[in-house]
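Residue numbers (full-length UniProt numbering): 1 to 151. Beta carbons: idealized from backbone N, C-alpha and C, even for Gly. Just so we're clear, the structure is a prediction, and the values are computed from it rather than from any experiment.
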């Protein structure tokens, strides 16, 4: 409950400050990644929604993703899974144009080998979404990185 209220307050700050919130993004993003690893679904969902809100109101999507990519290596498997799901949501909302996917695909390749099956599944869903937006270029990139085409 406390985490949800904290996320609500943060959302109100983002609404109020809009573009001026950009200078605080570095401060709030790591705790938001932590919240994406919360035991409660509602908290994880709210954290992801706030990250998407930051992209909408405070800074461009790639600006956020340059700082969010550390979440692919987070110690909590739910946070790693959440970052993959957040990438899917970002692609569905903004498409591939505002993102430099060549910077994000290597992170997805890393989590393909994650010890947790939920993270691996989320990474596969994310790469499928990338493929849907970019097409054959991503398949070529994956082959270069040693990921077999059948996978």
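The beta carbon of residue 61 lies closer than 8 Å to those of 55, 90, 94, 98 and 99 in the same chain, with the five residues before and after it left out. In this structure, 121 is the residue among 121, 103 and 63 with its C-alpha nearest to the C-alpha of residue 111. Exclusion of the five residues before and after residue 123 leaves 84, 108, 111 and 112 as the residues of its chain whose Cβ lies within less than 6 Å of its Cβ.
The alpha-carbon of residue 125 is positioned some 16 Å away from that of residue 77. Bounds of the alpha helix (DSSP H) holding residue 31 are 25-35. Between residue 8 and residue 106, the alpha-carbon positions lie close to 33 Å from each other. Under the criterion of beta carbons closer than 8 Å, residue 67 and residue 29 qualify as touching, at roughly 5 Å. Linking residue 142 to residue 71 through their CA atoms gives a straight-line distance of about 21 Å.
The alpha-carbon separation between residue 135 and residue 44 amounts to approximately 30 Å. For the options 22, 34 and 38, the alpha carbon positioned closest to that of residue 53 is the one of 22. Here residue 106 carries a helix assignment [DSSP, helix/strand/coil]. Residue 16 carries a helical assignment under DSSP once its states are collapsed to helix, strand and coil.
When the beta-carbon positions are compared, residue 86 and residue 127 stay at least 7 Å from each other.
For residue 3, the closest of 82, 25 and 34 by C-alpha to C-alpha distance is 34. Shown here for residue 59: same chain residues with a beta carbon closer than 7 Å to its own, the five before and five after excluded, namely 22 and 25 in chain order.
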